[in-house]
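A.B. asks: Everything in the sequence shown is counted per my numbering, starting at 9 for the first residue and increasing by one. I am attaching a structure below and will ask some questions about it afterwards.
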Amino acid sequence: MRVVRVMASTRRRVYRGGEQGVAAVDGGHRGEEPFGAGVLENHARSNATALVQMLLWADGAKERNGTAFDWSDIDGKYGPDTTYAVKSWQKLYNSRLGAGLVVDGKAGPKTLGAADASLYADGGTVTFQGWKHDVTFKRSGGKYYLKVNNSRGWKLASYNTLNVV
């Protein structure tokens with residue numbers, strides 16, 4: 009299977025979806041969701057929440073006040089602005105990619121799975137090419153690592169720990 013890379017400067021996406029997107033880019037198998045199978049929603053506090061917030065920033069999702077989700081909004085806390093931004097993100101994926109997502113503000117396997125079409129692997133890193141920005145994660149042993157604050161280094165995208173910010 010051939011991986012098609014889209015240059016970041018074009019800000020276009022090639023929606024492959026399903027098995028091809030996950031298997032070709034992330035080495036996954038049918039039904040797997042590469043960011044993890046958990047569901048993130050209001051009150052969650054974790055590095056996995058920070059990873060979702062990085063995707064929101066990359067795609068230019070909107071907050072409650074109508075402004076774009078900023079890098080400074082990445083705090084690992086799934087509060088009202090993150091919930092609103094995820095709803096905005098779900099609407100974006102439905103309108104631009106026909107993803108058929110339920111607009112509920114929860115970052116679960118289907119919502120995160122829609123983001124698979126924008127993942128591009130390069131050695132030990134995976135880059136999410138967003139509509140506005142790109143963000144790069146490390147991938148090792150089937151797990152994702154993220155860096156929000158350079159002084160803290162790479163941290164596991166865990167659902168149980170918040171130590172990335």
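In this text, a Cβ means the ideal position worked out from N, Cα and C, and glycines have one as well.
Is there contact here, the region 138-149 with the region 65-77, by at least three beta-carbon pairs under 8 Å?
C.D. replies: Short answer: they touch.
A.B. asks: What are the boundary residues of the alpha helix (DSSP H) that includes R104?
C.D. replies: Locating residue 104 in the sequence shown gives position 96, counting from the first residue. Here the alpha helix (DSSP H) through R104 covers P88 to L105.
A.B. asks: In three-state DSSP terms, what is T119?
C.D. replies: Taking the first residue of the sequence shown as position 1, residue 119 is located at position 111. Looking at T119 - three-state DSSP - the assignment turns out to be helix.
A.B. asks: Within 10 Å of its beta-carbon, does K151 have 16 or more other beta-carbons around it, so buried, or fewer, so exposed?
C.D. replies: Here residue 151 is taken as the residue at index 143 of the sequence shown, counted from 1. Looking at its Cβ environment, which holds fewer than 16 other Cβ atoms inside 10 Å, K151 is exposed.
A.B. asks: In angstroms with no decimal places, state the Cα-to-Cα distance between Q47 and S54.
C.D. replies: For the purposes of this step, residue 47 is taken as the residue at position 39 of the sequence shown. For the purposes of this step, residue 54 is taken as the residue at position 46 of the sequence shown. Gln is not the amino acid found at residue 47; the sequence shown has Val there. The alpha-carbon atoms of V47 and S54 are separated by roughly 12 Å.
A.B. asks: Specify, as a first and last residue, the run of the beta strand (DSSP E) that V134 falls within.
C.D. replies: Numbered from its first residue, the sequence shown carries residue 134 at position 126. Start and end: T133 to Q137.
A.B. asks: Per DSSP, what kind of secondary structure is A32 in: helix, strand or coil?
C.D. replies: Position 24 of the sequence shown, counted from the start, is the residue given in the question as residue 32. Any answer about A32 is weak, because its pLDDT of 30 lies below 50 and its placement is not dependable; what the coordinates show is given next. Helix, per DSSP.
A.B. asks: Considering Cα atoms alone, identify which of A93, A115 and Y101 is closest to A69.
C.D. replies: Within the sequence shown, numbered from 1, the residue matching residue 69 stands at position 61. For the residues A93, A115 and Y101, the minimum Cα distance to A69 belongs to A93.
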